[in-house]
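Residues are numbered in my numbering as their position in the sequence shown, beginning at 1, plus a constant of 2. One structure is given here, and the rest of the page talks about it.
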Amino acid sequence: MKRPALVLALVTAAFCACAGLRGRRTPPAAPGLTRADRAFLDDLQRRSLRYFLEQADPVTGLVRDRAAYDGGPSRRAGARDAASTAATGFGLSALCVGVARGDLPRAQAVARARRVLAFLQEKAPQERGFFYHFLDARTGARIWRSEASSIDTALLLAGALTAKQCLGDAEVAARADALYARVDFPWMLNGSPDLLSMGWTPEGGFIKARWDTYSEHMILDLLAIGSPTHPIPAAEWDAWKRPVVRAGGETFVAGVAPLFIHQYSQAYADFRGLCDRHGLDYFENSRRATLAQRAAMAAAGKDPSGRCAGWSDEIWGLTSSDDCRGGYASWGAPPVDPRADGTVVPSAPGGSLMFAPRVCLDALRAMKDRFPKAYGRYGFADSLRPADGCVDPDALGIDQGITLLSAANLQGGIIWKAFMKNPEIRRAMDAVGLKPCAGPPKP
């Protein structure tokens, strides 16, 4: 049910006030980093970039969903050649980071971007412009009866539009624009006036779940509202719920506990210093959510049960990930998920480097120092468990990607600068009322 903007503004005004047009709060890039911090970030970004260079199929350009974190294919049954649409979007963005940092020649980046964009435009299966969540990396065929995913398509488009702006190549730009123009966003509303569906399958039609609560879908909203060919009403931005959470000494908005919901949209859209009609500064909100998770996990690490032994102010981080039993869990904190077994996920602080650099850097460097086995060819393994030294054998493309993009934004705003050059995004942000906040956010 759509909530009036006034009601939500009153609910959220407890921690963020927004009015007028005073200067946008844009923190300086990478403030207060030591030489050791910079050396670590450089190494982490080179390793994360390597994932996308080595795990992109040489024919299709599609990026594999997972791989062994120390190099080579995943050893999980059936996962060897599974590509992820979202990981492919992160891979396109990774090319920009590689070029900007001098780790990848521009000509190679352009060739890679052309290859995958051509395949996506001409051969990959899609429905009304929406791509399937998982594809065969070698052929592009839909696998696992996966859905034509609204959010995964949005993350792919974000990567394509970032590559368009950062690579300066006419073919890349034309293909990125064509992919964007093809997406029929109103179709994904499935009859709703203002709430997008999470996806569609040939077997079952539209997924019943909609993007009705604060989550990672803000990037989808902006792309849909700003679409040059098939836009949806800007009122969609005001239709989803913004639940207020008070935990770990912080107050913030969150729909569910995994930390990635705060990270994916803001790896691309630069919300720093902007508030919407609900009084929300989403960048500050995500900083607070990061700090709240750290506090909640440090407290859980002291629980006499020992269930989360090893968690502390330095060893923390919980977001959707593999577990050490070979499964996959969409867990997070706060509150600490009851399924939590002491697993720590490096991409949780990794993806929040752009929000809270000091505490996230301290966490990542502590993990690398204390658990060197978990730091391999592609950076961090997807998860580790401090109590028994268990390390997941895989790295996941989306987790390597959010870590890489967040680090790149911390060090110079590489992705923000490129993505925000797209006029469709600026237009969408204006349409939903994102304007410079009036003064510092209130607690």
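Glycine included, C-beta positions come from ideal geometry on N, C-alpha and C.
- Bounds of the alpha helix (DSSP H) holding V118 are R108 to E124.
- Following the DSSP letters along the chain, one finds F273 in no alpha helix (DSSP H), marked with neither H nor E.
- Of all alpha-carbon atoms in Y270, L366, R387 and D324, the one lying nearest the alpha-carbon of A311 is that of R387.
- The continuous stretches of beta strand (DSSP E) do not include A342, and DSSP gives it neither H nor E.
- At least 8 Å separates the beta-carbon of V185 from that of L119.
- In its chain, beyond the 5 residues on either side, A84, F136, L137 and D138 have a beta carbon closer than 7 Å to the beta carbon of I145.
- If you look at V255, you'll find it in the beta strand (DSSP E) that goes E252 to V255.
- Counting of Cβ neighbours within 10 angstroms places K166 among the buried residues, the total reaching 16 or more.
- Relative to G100, the option among L64, K125, V65 and Y53 whose CA is nearest is Y53.
- In this structure, the beta-carbon distance from P230 to A183 falls below 8 Å.
- Across the set S307, I404 and D396, the C-alpha of I404 shows the shortest separation from the C-alpha of S354.
- Using a Cβ distance threshold of 8 Å, V61 and G93 do not count as a contacting pair.
- Its chain contains L191, R212, W213, D214, E238, A241 and W242 as the residues whose beta carbon lies nearer than 8 Å to that of L197, once the 5 sequence neighbours on both sides are disregarded; these appear in chain order.
- Counting only runs of 4+ residues, the alpha helix (DSSP H) found wholly inside the segment 122-173 occupies 152-169, in chain order.
- Uninterrupted beta strand (DSSP E) stretches at least 3 residues long and entirely within the segment 36-65 do not occur.
- Scanning its chain for C-beta atoms nearer than 6 Å, with the 5 sequence neighbours on each side dropped, one finds around G399 the residues V65, D67, S86 and A89, in chain order.
- Between the segment 120-133 and the segment 153-166, the count of C-beta pairs closer than 8 Å reaches three or more; the two stretches touch.
- Shortest Cα-Cα distance from S349 to any of R248, R103, L412 and L320 involves L320.
- For S95, the enclosing alpha helix (DSSP H) stretches over residues T87 to R103.
- In terms of Cα proximity to E426, the closest of Y377, D45, Y330 and L222 is L222.
- The segment 295-306 and the segment 367-383 do not touch, with fewer than 3 CB-CB distances between them shorter than 8 Å.
- Rounded to the nearest whole angstrom, the C-alpha separation of A430 and P359 is 28 Å.
- For W202, the enclosing beta strand (DSSP E) covers residues G201 to T203.
- Under the DSSP assignment, V247 falls in the beta strand (DSSP E) whose first and last residues are V246 to A249.
- Around the beta-carbon of S307, fewer than 16 other beta-carbon atoms lie within 10 Å, marking it exposed.
- Put simply, the segment 322-339 does not touch the segment 279-290. Fewer than three CB pairs are less than 8 Å apart.
- Apart from sequence neighbours up to five positions away, the residues of its chain that approach A143 with a beta-carbon distance below 8 Å are P127 and L137, ordered along the chain.
- With contacts defined by Cβ atoms closer than 8 Å, M200 and A271 do not form a contacting pair.
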